[in-house]
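A.B. asks: So in this note's numbering, spot 140 of the sequence shown is number 917, and the numbers just go up one at a time. All C-beta atoms in this analysis are idealised placements derived from N, C-alpha and C, irrespective of residue type, glycine included. The structure follows.
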Amino acid sequence: MSIFDKALQTTFPGAVPSDEYLATVRTTIEDLGYTRERTLPLVSICRDELTTDFFAAIQEIWGPAFTLAGLGGVPALGRTGWDAAFSHIPNDNGRGAVLVLGFPHIGIEDDGAIGVTLRPGQTTPTSTCGALSSIQQRASDGTLPTEVDVEDYEATKLALRLVDPDKPPSSLVDLTIAALEALELDLWSALDAARVWHDHDVTVWCGVQIHGHGGRDWIWPRDAWFTGGDGERRRVRHS
Ligand SMILES: [Zn+2]
């Protein structure tokens, strides 16, 4: 086993290549009646250019997607953005459907270093996720923001959302998991507040996206849910 594979499987046991993951999502939700025609994909991933191949792969299968997130992958669109997203769900043929995908991300380099990526055209690795790394650094330096800075809106809001200054995260991996948990809560609170499932089928898939060297991506799957017209949230068994 390579140093990379060992780091990947130790840190995120059960991670699968992202194309394999998306194939699983597809076969699983097609069994629930999802088709491209009646589905709007809503995607909550970081704005980092490393995530764009995954975003493109989602759109390849499900069509144009609405972007929910800013830095760190946690939804940053606000009430107005949610209202817009939910108003775009196909409805010309009965119930529409939303496929919500939420993934904070992290890099693992070939030497097993966690939290960095050597990007094309660069000579030294840089942080992945840069926003979460910066928050982690500020937490350990004791320089976390105490309020939202409108000139640094996404990062300061994210720091306030994710970190209790009295209990700083012990590692970037822990902070990434905290981002995943926050993201999943925020997705469901928006979906439930708008009762989206009343008129549309809802499925939510969350985990962590891991970038290996040279553009290879993995997904560490954590949760998959489906809610139909009765509003009851059920775990989806992956096929
Ligand atoms: Zn990022």
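1) Taking only runs that begin and end inside the segment 929-986, name each unbroken alpha helix (DSSP H) of 4 or more residues, in chain order.
2) Compare the beta carbon distance of Thr816 and Ala874 with 7 Å and say whether it is the shorter of the two.
3) Got a sec, what are the start and stop residues for the alpha helix (DSSP H) Gly855 sits in?
4) Shorter than 6 Å, the distance from the beta carbon of Cys983 to the closest heavy atom of ligand 1, or not?
5) In the structure shown, what three-state DSSP assignment does Ala833 receive?
6) Quick one: give me the first and last residue of the beta strand (DSSP E) that Ala848 is part of.
7) Are there 16 or more other CB atoms within 10 angstroms of the CB of Lys934, so buried, or fewer, so exposed?
8) Less than 8 Å between the CB atoms is what I'm expecting for Asp951 and Asn868, so what's the real figure, rounded?
9) Would you tell me roughly how many angstroms separate the C-alpha atoms of Ile996 and Leu957, rounded to the nearest one?
10) Between Leu755 and Tyr930, what straight-line distance do the alpha-carbon atoms span, to the nearest angstrom?
11) Can you tell me the Cα-Cα spacing of Val973 and Ser779, whole angstroms?
12) Is the CB-CB distance between Glu818 and Ala842 below 7 Å?
13) Taking C-alpha atoms, which residue in Ala967, Cys983 and Ser821 lies nearest to Asp860?
14) What are the start and end residues of the alpha helix (DSSP H) that includes Leu785?
15) Less than 6 Å between C-beta atoms, sequence neighbours within five positions excluded: which residues of the same chain meet that for Asp969?
16) Is the CB-CB distance between Ala959 and Leu937 below 7 Å?
17) For Ala908, verify whether its CB is less than 6 Å away from any heavy atom of ligand 1.
18) Report yes if the C-beta distance between Arg1014 and Trp1002 is below 7 Å; otherwise report no.
19) Rounded to the nearest angstrom, how far is the Cβ of Thr905 from that of Thr894, given a contact under 8 Å?
20) Give the straight-line distance between the Cα atoms of Thr953 and Gln986, rounded to the nearest whole angstrom.
C.D. replies: Judging by the given coordinates:
1) Listed in chain order, they are 930-939 and 949-970.
2) The sequence position of residue 816 within the sequence shown is 39, counting from 1. The sequence position of residue 874 within the sequence shown is 97, counting from 1. Yes, Cβ-Cβ distance for Thr816 and Ala874 is below 7 Å.
3) As a working mapping, residue 855 is identified with position 78 in the sequence shown. Where Gly855 is concerned, the enclosing alpha helix (DSSP H) stretches over Gly855 to Ser864.
4) On the sequence shown, position 206 is the one that residue 983 refers to. In this structure, Cys983 has its CB at a distance of at least 6 Å from all heavy atoms of ligand 1.
5) If you number the sequence shown from 1, residue 833 lands on position 56. Secondary structure of Ala833 (DSSP, three-state): helix.
6) Position 71 of the sequence shown holds residue 848. For the sequence presented, residue 848 should be read as Leu rather than Ala. Note, Leu848: premise wrong, no beta strand (DSSP E); not H, not E.
7) If you number the sequence shown from 1, residue 934 lands on position 157. By the C-beta density criterion, Lys934 is buried, having at least 16 other C-beta atoms within 10 angstroms.
8) The residue you call residue 951 lines up with position 174 of the sequence shown. The residue you call residue 868 lines up with position 91 of the sequence shown. Actually they do not touch by this definition, with Cβ atoms about 41 Å apart.
9) Counting from one through the sequence shown, the residue named residue 996 turns up at place 219. Counting from one through the sequence shown, the residue named residue 957 turns up at place 180. Approximately 12 Å between the Cα atoms of the pair.
10) Outside the shown range of the chain, which is 778 to 1016, sits residue 755, and nothing can be said about it.
11) On the sequence shown, residue 973 is found 196 positions in, with the first residue counted as 1. On the sequence shown, residue 779 is found 2 positions in, with the first residue counted as 1. One Cα belongs to Val973, the other to Ser779, and the distance between them is close to 45 Å.
12) Counted from its first residue, the sequence shown places residue 818 at position 41. Counted from its first residue, the sequence shown places residue 842 at position 65. In the sequence as displayed, the identity of residue 818 is Pro instead of Glu. Yes, the pair counts as a contact, with Cβ atoms nearer than the cut-off.
13) The residue labelled residue 860 in the question sits at position 83 within the sequence shown. Nearest C-alpha to Asp860: Ala967.
14) As a position in the sequence shown, residue 785 is number 8, starting the count at 1. For Leu785, the enclosing alpha helix (DSSP H) stretches over residues Ile780 to Thr788.
15) Residue 969 sits at position 192 when you count from the first residue of the sequence shown. Counting only Cβ-Cβ distances below 6 Å, and skipping sequence neighbours, we find nothing.
16) Your numbering for residue 959 matches position 182 in the sequence shown. Your numbering for residue 937 matches position 160 in the sequence shown. For Ala959 and Leu937, no; Cβs fall outside 7 Å.
17) Counted from its first residue, the sequence shown places residue 908 at position 131. Yes, since a heavy atom of ligand 1 falls inside the 6 Å radius drawn around the Cβ of Ala908.
18) If you number the sequence shown from 1, residue 1014 lands on position 237. If you number the sequence shown from 1, residue 1002 lands on position 225. No, they are not a contact pair.
19) Counted from its first residue, the sequence shown places residue 905 at position 128. Counted from its first residue, the sequence shown places residue 894 at position 117. By a beta-carbon distance limit of 8 Å, Thr905 contacts Thr894. Their separation comes to about 4 Å.
20) Position 176 of the sequence shown, counted from the first residue, corresponds to residue 953. Position 209 of the sequence shown, counted from the first residue, corresponds to residue 986. Note on geometry: alpha-carbon atoms of Thr953 and Gln986 lie some 10 Å from one another.
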